[in-house]
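Chains D and W supply the protein sequences, listed in that same order.
157 is the number that the numbering used here gives to position 157 of the first sequence; each next residue is one higher, with no gaps.
Count along the second sequence starting at 1, add 1000, and that's the number in the numbering used here.
Read the structure below first, then the notes.
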Amino acid sequence: MNSLFDCWKEKIPKYSENFKDSLFASITQYGGGAERTKSDLGKHFSNAYELYMYAFFLGLYRNELSPIPKGQKKVDFSHHIQYWGNKGNRLDRTDFSNLQDFMFMALVAKTDMDILKADTGELSEEDLVNSLIQTMESYTNGGLVLIKEKLEDNPNYFLQATAFLDFMLESTNQPSK
Amino acid sequence: MNIQTVEIENYLCYYSTNRFEFSKGLNIILGENGEGKTKFFEALQWLFIGNDHRLDLLVSSKRLSEAALGDSFSVSVSLSVEQYEQIKFLKRSFTVTKDGDQSCLIKNEIFEGIEESKKGEREKVDAETLLQQVFPAEIRKYSMFKGESELNIFDNDQALVNLINLFAEAKHYSKYSQKGEMLLTAAEKAVANNTKSRSKDKKDYEVLQADIKELNRKKDNLSTLLAENHSQLEKVDKGLKEAEKYVDNAEKLDILNSRIANLELSISDHQKQIKERYTTYLFDDNWVLVQYESIFKEYEEKISQLSKERRKLQTEYDKQQGKKEAEREAAYKLFSGQFPLPFNVPDKEIMKELIEAEHCKVCDRPAPKGSEPHDFMKKRLEEYLKLQDPKESEDPEQSTLFEKDYITELINKMNLHNDKLGEVRSIRKKVEDLFDFNKKRKLEVGDLEDKLEKEKEERNRLVGSSVLAEEKLSSIHKNYNGWQDDKTRLSKSIMEYEMEIGQLNSQIKEKQSKKDDIDLESANSFVIKTREIIRDIEIILRETVENKFNEFIEMLQEKSNKYLIDINVDSFTGNIKFDASEIDGKKRIKVSLCEEDRPIHSPNESLRTSMYIAILFAISNLAEQSREEGYPLIFDAPTSSFAEPKAGEFFNIISGTNGQIILLTKDFIGKESQSRKLFIKPEFDNVNRAKAFWLKLERPFDRNQLRTINTNVINV
C-alpha cells in the first residue's frame, strides 16, 4: 500500500503566474541570472520553494485560504516536494526536509476530505492527494497575496534582514478570520 | 662546479687586470661601502647575461683617461671553473678605442667559451652552451643574491614554479594530469549526450546542466576576483612594509600594529558570531513553525476523531458479520460500552511487561495474578498475538471493510512529531535570545571599533611625526593610512570570496550528484562505467601531482629547518613553515618563521635573513642531489642587518657547510679615527674561511672624479 504522504510529496504544487516575476524572480535566487549576490538584491530565499513554503505557512497562520483565481495561469518550478529542504552536504545550511511532514499534517488538518472513505476504497488516493494539493496552493496563494500587499505598501520593507521573520511572528498575533 | 678564478679587466672601478682565485668552501670578499663589492657582483652578472646597456658605460674611467687618442684596449670579465675534473673558461669582452677626451668607440663585443681536456688541450666551444652546462640560468636564480632583500625568493609568483620545474618530481606528472582533465571533460560530455538522448526529462536535465555551468562560471569569476584581491593585498603589504622602514620609533609602531591587528581580529570574531540570516533560520531551525501548535492540535483532534470512527465502524462491521462475536462482545463489555483501543495500544512488549509485573502501569494499579485486571491484560495480549498470526488472521471478509489504512499512517505521523511541540513553543524565546545575543555582540563591536579608531589615530601621529628626508617618503606616508584601510578591506573581501566559493562548491556538488542520479537512470551503463573509470584516473593523476608537490615542499621545509638549526645564531628555537596555497589555479608558497606553530609577528631582520639563507642552502642541497653536482652560492652583502659579532658567528657556521660560497661583506673593515685609514679588524682572524680578499680603492681618490677610482684586490 502506498503511503499518502509519499504520494503527496511526489507532487509539484503550483502558484499563480502573477507572482512569478513580482515575487519569485525578485526575492529568491531562482534561476540564477546576474552575478550580483543575494544580499545586494535583498534575495532572502535561496530557492523558489523556500518562498513557497514561507507563503504557505503565512497563509496558514493567517487563515488566508484563497484558491488561485480561475482565470490565472498556474505555473511551478519543477521541484518535487520531496526534495524541498534537502540540503545534502551544503556547508552553510541545515537540512529542513522535516518541514515536509509539518506541511502535510497541516494540510490533513485543514482539508475537508473523507479519509474513512479513502480507507474503505470509496475515494481514490489520487482524489485525496489532489485535495491536499488544492489546499496547499490556496494557502500559499493567500500568503503570496499578503507578501505582495506588504511589498506594495512599502517596497523597502523586505530589505531589512529581519523582515520575513518579523512578518511571520506578526502573523501569530493576528486573530484568525 | 666550482669557480676557480674570476678576472676583471678595465671594468668600471677595476682598472687593469684584477684576479680572484677562489677555493672550495667559504670565500669572503671584504670591502667598505663604495669600494667595489657590488661591482664585482655586477661584473659576474654581466659575464653571464651581457646587457643591452651602453657598453661605454662599463669602461674604467681611469683606463680611458690614461689612453691616448686612437689607443685601443680591452674590457673583459672572465671566469674559469672546474666541472667534472675539467677546466672550462668563459669570457665576455669588447674593445674600446678612445676617440675623444672622455669618449670612445666600442667594437667586437664577444662571448667566448673554451674547454680544456684532462690532457690540457684547449678547444673553443659555443659560449652560451657552455655557460648553460656549467652554471644553468635556472640554477643561477637560486645561487646569486644581491643584498638582503633579494634573499626572499618566494617573493615572486614564478619562483615556486621554477623551483618545482627544476627539482620536483611533480613536473613529470603534471602533463598527465592535464591529459586526465581533458579525458574527463570528454567523458562527461559523452555521458551527458547519451543521457539526453534517452532521458524522459530532457528539459530538466538541460536545466541542471545549465545550472552547473552557470555556477561554475560564477565560481570562476569569484576565483579571478579572489586572485586579484590576493595580489593587491600583497602589493599593499609591500607598500606598508616599505613605509614602516622609515618610521622613527619602529618598535612602538610594531606594538601598535600588533594591537591593531588583534583588535581587528577580535572585531571580526565578534562579527562572525553575529547571526543575522533570519530568513534562513525560518527554515534551517524550523522557526517557520512558530505558530504551528494550534495546527498540530487541530490535526491531533481530527485524527483521533477519525481513528475513533474507524474503530466504531470496524466494531459494528464485526458485529454485523457475527464473526467472533463472543470475543468482541466480551471485549466490548470490558470497556463498559466504550470502543476499545486499537490492539496495538499498548504494544505487545509493554503488555508482556505489565503482565509480568502484575501491575497495570497505565492506571498505576496492582493486578495480581488471578485478579480481574490481570486476566484482562492476558486476554488482550492473547488476542493481539492471534491477530498477528497470519493463519488465524480472521476470515477474508473481516478485512474487506477497510482495504487501506491511511488513518494509522496519520496516527504514526502524529506520534512521530509529538515531541516537537515543546520545541515549537520555545521558538519565540529562541528568536528573542538571538536578537539579544546579536545586540550585545554589536555593542561590543562598537566598543572595539572605538578602541581601534584610537589606536589608529595614535599610529597616524607616530607615522606622521617621523622625520622625512625625502619627498618620496612623504608620499609613502600619505598613502600609509589608505593602505591600512585597503588591507582591512581586502582581507575582508578575501574572506567573503572564499566563503562564497565554498558555498558555490557545495551547490555544484549537490547539482552534480543530482545529474549523476539522472545519468545513472538514463545513460547507457557502458558509457557510465567508462566515465567512472576516467573519473578515478583523473583523481589519481591529480592527487599524484598534488602529493608529489606536497612531498617536495615537505622535503624543502625539512631541509631548510635543518640548516636553520645549523646557522641558528640567536639560539632561536622556532622553525620555518611553508604554507602552500592555490589561488586561481596557481600554487603559491608563503614562508614564515614560527614558534610552536604560531607565526612570529615580526621576526627581526637578521633572523629573517637566517631563514632565507637556510632555505637557499636547502635548495642548493636539492640541486646537488638532483643534478649530482653542487653549485656555488654568491651573496652580496647578505648580512647587512647583522651585528658584526653575529656576522662572524654566522660566517663560521656557513663555512662548515659543503659547497662553494662567495660572500661579499663590509663587516670587519675598520677605520682609524684620526688618519681615516681603513684596516681589517683583528676579529676577522677568528673567522673560518677558505680564502679572503680585500677590495680597497687606491688612495687618494676623488669620488667626483671617476678617473681617480681604482679598486685593488688584496689577498688577505
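We treat Cβ as the ideally placed atom computed from N, Cα and C, and that holds for glycine.
Keep in mind the model is a prediction, meaning the values are calculated, not measured.
Within 10 Å of its beta-carbon, does R1531/W have 16 or more other beta-carbons around it, so buried, or fewer, so exposed? To locate residue 1531/W, count along the second sequence from 1; it is residue 531. So R1531/W counts as buried.
Whole angstroms is fine: what's the gap from Y1011/W's alpha carbon to E1628/W's? The residue you call residue 1011/W lines up with position 11 of the second sequence. The residue you call residue 1628/W lines up with position 628 of the second sequence. Their Cα atoms are separated by approximately 35 Å.
Does M168/D come out as helix, strand or coil in the three-state DSSP assignment? Here residue 168/D corresponds to residue number 168 of the first sequence, with the count starting at 1. Of the three classes helix, strand and coil, the one that applies to M168/D here is helix, per DSSP.
Here's a check: name, in chain order, each residue in its chain whose Cβ is nearer than 6 Å to the Cβ of T184/D, leaving out the five neighbours to either side. Outside the shown range of chain D, which is 1 to 177, sits residue 184/D, and nothing can be said about it.
Tell me the rounded alpha-carbon separation between K1487/W and N1229/W. Within the second sequence, numbered from 1, the residue matching residue 1487/W stands at position 487. Within the second sequence, numbered from 1, the residue matching residue 1229/W stands at position 229. C-alpha separation (whole angstroms): 10 Å.
Given this structure, state the Cα-to-Cα distance separating Q1557/W from D1071/W, to the nearest angstrom. Here residue 1557/W refers to the residue found at position 557 when the second sequence is read from its first residue. Here residue 1071/W refers to the residue found at position 71 when the second sequence is read from its first residue. In this model, Q1557/W and D1071/W are separated by some 57 Å (Cα to Cα).
Name the residue from Y54/D, D101/D and L144/D whose alpha carbon lies nearest to the alpha carbon of F1296/W. Walking along the second sequence from the start, residue 1296/W turns up at place 296. When each option's Cα is compared against that of F1296/W, the closest is D101/D.
Would you call the stretch 1220 to 1234 of chain W in contact with the stretch 1484 to 1498 of chain W, where contact means no fewer than 3 C-beta pairs closer than 8 Å? Counting C-beta pairs closer than 8 Å gives three or more between the stretch 1220 to 1234 of chain W and the stretch 1484 to 1498 of chain W, which meets the contact rule.
How would you call Q1705/W, buried or exposed, if buried means at least 16 neighbouring beta carbons within 10 angstroms? As a working mapping, residue 1705/W is identified with position 705 in the second sequence. Around the beta carbon of Q1705/W, a 10 Å sphere encloses fewer than 16 other beta carbons of the protein chains shown; the residue is thus reported as exposed.
List the residues of chain D whose Cβ lies closer than 7 Å to the Cβ of T1279/W, in chain order. Start at 1 with the first residue of the second sequence, and residue 1279/W comes out as number 279. The answer, in chain order, is H44, F45, F164 and L165.
Does chain W have any CB closer than 8 Å to the CB of E170/D? Within the first sequence, numbered from 1, the residue matching residue 170/D stands at position 170. Residue-level contact by beta carbon fails for E170/D and chain W, as no gap is shorter than 8 Å.
For chain W, find out if any of its Cβ atoms is closer than 8 Å to the Cβ of G196/D; answer yes or no. For residue 196/D there is no data in the structure shown, the boundaries of chain D being 1 and 177.
What residues from the stretch 1286 to 1297 of chain W come within 9 Å of chain D, judged by C-beta to C-beta, listed N to C? Cβ contacts with chain D come from N1286, W1287, V1288, L1289, V1290, Q1291, Y1292, S1294, I1295, F1296 and K1297.
Sequence-distant residues of the same chain with beta carbon closer than 6 Å to H1270/W, five excluded per side: Indexing the second sequence from 1 puts residue 1270/W at position 270. Short of 6 Å from the beta carbon of H1270/W, and not among the five residues preceding or following it, lie these beta carbons of its own chain, in chain order: R1441, E1444 and V1445.
Taking K1681/W as the reference, which of L1058/W, E1372/W and G1648/W has the closest Cα? Reading the second sequence from its first residue, position 681 is the one you call residue 1681/W. The shortest Cα separation from K1681/W among L1058/W, E1372/W and G1648/W belongs to G1648/W.
For E17/D, which residues in the same chain have their Cβ closer than 8 Å to its Cβ, ignoring the five residues on either side in sequence? Residue 17/D sits at position 17 when you count from the first residue of the first sequence. Closer than 8 Å at the Cβ level, and outside the excluded window around E17/D, lie Q72, K73, K74 and V75.
Neighbourhood of D1211/W by C-beta distance below 8 Å, restricted to the same chain and skipping five residues each side: Taking the second sequence and counting its residues from 1, one reaches residue 1211/W at position 211. Excluding residues within five positions, the ones whose Cβ falls inside 8 Å are K1511.
Can you tell me where the alpha helix (DSSP H) holding N1415/W begins and where it ends? As a first step, residue 1415/W is located in the second sequence; it is residue number 415 there, counting from the start. For N1415/W, the uninterrupted alpha helix (DSSP H) run begins and ends at Y1406 to H1417, by DSSP.
Does DSSP classify R36/D as helix, strand or coil? Translated into positions along the first sequence, residue 36/D becomes position 36. Confidence in R36/D is poor, its pLDDT being 40 and thus under 50, which makes the residue's placement unreliable; the coordinate value appears in the next sentence. In this structure, DSSP gives R36/D a state outside helix and strand, which the three-state scheme calls coil.
So is Q1398/W in contact with chain D if we call contact Cβ pairs under 8 Å? Residue mapping note: residue 1398/W aligns to position 398 of the second sequence, counting from 1. Here Q1398/W scores only 48 on pLDDT, less than 50, and its place in the model should not be relied on; the value that follows carries that caveat. Not one chain D Cβ lies under 8 Å of Q1398/W.
Top-ranked residue by Cα proximity to L151/D, from L23/D, V129/D and Q82/D: Along the first sequence, read from residue 1 onward, the residue named residue 151/D stands at position 151. Comparing Cα positions, the closest option is L23/D.
Just to confirm, does E1293/W get its C-beta within under 7 Å of one of the non-hydrogen atoms of the ligand COA? Among the components modelled here there is no ligand, and therefore nothing to report on the ligand COA.
Given a cut-off of 8 Å, decide if E1455/W and L1256/W are closer than it, judged by their beta-carbon atoms. Counted from its first residue, the second sequence places residue 1256/W at position 256. Counted from its first residue, the second sequence places residue 1455/W at position 455. Taking 8 Å as the cut-off, the beta carbon of L1256/W is found closer than this to the beta carbon of E1455/W.
Nearest-angstrom Cα separation, counted from F1578/W out to S1197/W: Your numbering for residue 1197/W matches position 197 in the second sequence. Your numbering for residue 1578/W matches position 578 in the second sequence. Distance between the alpha carbons of S1197/W and F1578/W: 50 Å.
Taking any Cβ of chain W, which residues in the stretch 102 to 131 of chain D have a Cβ under 9 Å from it, in chain order? Considering only beta carbons, the part of the stretch 102 to 131 of chain D lying closer than 9 Å to chain W consists of F102, F104, M105, A106, V108, A109, K110, I115, L116, A118, D119, T120, G121, E125 and L128, in chain order.
Name the chain D residues whose beta carbon is nearer than 9 Å to that of H1417/W? Within the second sequence, residue 1417/W is the residue found at index 417, counting from 1. Under the 9 Å cutoff, chain D gives N98, D101, F102 and M105.
Chain D residues whose Cβ lies nearer than 8 Å to that of V1431/W: If you number the second sequence from 1, residue 1431/W lands on position 431. Result: L165 and L169.
In terms of residue numbering, what span does the alpha helix (DSSP H) encompassing N1018/W cover? The sequence position of residue 1018/W within the second sequence is 18, counting from 1. Per DSSP, N1018/W lies in no alpha helix (DSSP H) segment; the continuous beta strand (DSSP E) that holds it begins and ends at Y1014 to E1021.
Would you kindly work out how many angstroms separate the C-alpha atoms of R1535/W and L1184/W, rounded to a whole number? The count along the second sequence starts at 1 and reaches residue 1535/W at position 535. The count along the second sequence starts at 1 and reaches residue 1184/W at position 184. If you take the alpha carbons of R1535/W and L1184/W, they lie about 6 Å apart.
Contact set between D1056/W and chain D, taken where Cβ atoms lie within less than 9 Å: Reading the second sequence from its first residue, position 56 is the one you call residue 1056/W. Here the premise fails: no neighbours, minimum Cβ distance about 57 Å.
On the DSSP letters alone, give me the boundaries of the alpha helix (DSSP H) that D119/D sits inside. The residue given as residue 119/D occupies position 119 in the first sequence. Looking at the DSSP string, the run of the alpha helix (DSSP H) that includes D119/D is I115 to T120.
Output yes or no for whether 8 Å exceeds the beta carbon distance between E1188/W and L1166/W. For the purposes of this step, residue 1188/W is taken as the residue at position 188 of the second sequence. For the purposes of this step, residue 1166/W is taken as the residue at position 166 of the second sequence. A distance of 8 Å or more separates the beta carbons of E1188/W and L1166/W.
Closest residue to E1596/W among S1060/W, N1604/W and N1575/W (Cα-Cα distance): Against the second sequence, residue 1596/W aligns to sequence position 596. The candidate whose alpha carbon is nearest that of E1596/W is N1575/W.
Could you please give the first and the last residue of the uninterrupted alpha helix (DSSP H) stretch that includes A48/D? On the first sequence, residue 48/D is found 48 positions in, with the first residue counted as 1. Judged by DSSP secondary structure, A48/D falls within the alpha helix (DSSP H) whose first and last residues are A48 to Y61.
Could you give the DSSP three-state label for G1031/W: helix, strand or coil? Position 31 of the second sequence holds residue 1031/W. Note: G1031/W maps to strand in three-state DSSP.
Determine, for M53/D, whether the minimum Cβ-Cβ distance to residues of chain W falls below 8 Å. The sequence position of residue 53/D within the first sequence is 53, counting from 1. Output row for M53/D: interface = yes.
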